[in-house]
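Take numbering that gives the first Met the number 0: the last position of the sequence shown gets the number 129, and nothing is skipped along the way.
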Amino acid sequence: MINPISAVDEWHICFTDVDINKHWVQNFFKPGFYHCYAFKESAGGQFLIIIDPSQSHINVDMVPKNAENLAKLTDCHKVLRVVVKYELLRDRGHLCRFNCVEVIKALLGLKSFLTFTPYQLYKRIINHGL
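Take a look at the structure:
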């Protein structure tokens, strides 16, 4: 049997009202939880890596780690610091709709088939961890 390779990562998951690509289904979302994105420090700690999914693409950016950029990134409704330990050989194994929640779930290695909205993702992390 192959031993799975493990990795540990620390992400900051941000939940916000702001979404440039507003979709009609967001009318049913909880205020403050219309969109989610993530960021983490680069390996050297000099930069912040930002993963911001939209309906049409995933924006990946790297900015210098400084107080101004941290303030911009954390200017949202809620921010969760999540330490993730996942097995690199584990398959997430389900079909999904491409949206911000599914991208963040993939980033965290989270299998949660019934988590669709940013608020459900927030509650899943708060109540059950990863």
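The C-beta atom is built at its ideal place from N, Cα and C for all residues, glycine as well.
Keep in mind the model is a prediction, meaning the values are calculated, not measured.
Tell me whether residue i is buried or exposed, calling it buried when 16 or more other Cβ atoms sit within 10 Å of its Cβ.
i    : result
N98  : buried
I125 : exposed
I57  : exposed
V17  : exposed
E67  : exposed
P30  : exposed
F38  : buried
Looking at residue j and residue i, is the spacing between their C-beta atoms short of 8 Å?
i    : j    : result
L47  : L72  : yes
V83  : D8   : yes
R80  : H11  : yes
F13  : Y36  : Reading the sequence as shown, one finds Cys at residue 13 and not Phe. Taking 8 Å as the Cβ cut-off, C13 and Y36 qualify as a contacting pair.
T114 : C75  : no
Y120 : V102 : Note on identity: in this sequence residue 120 is Leu, with Tyr being the wrong assignment. Against a cut-off of 8 Å, the Cβ pair of V102 and L120 comes out as no contact.
Give me, in chain order, the residues of the same chain whose beta-carbon lies closer than 6 Å to that of residue i; leave out the 5 immediate sequence neighbours on both sides.
i    : result
T116 : F28
D51  : Y36, N58
M0   : Note that M0 scores 46 on pLDDT, short of 50, meaning its location in the model is unreliable; the coordinates nonetheless yield the value given after this. Cβ within range, chain order: n/a, list empty.
Near residue i, what residues of its chain come up, given a Cβ to Cβ distance below 7 Å and the 5 sequence neighbours on each side ignored?
i   : result
G44 : K64
Which full runs of the alpha helix (DSSP H) of 4+ residues lie inside the stretch 33-107, going along the chain? 66-72, 99-107
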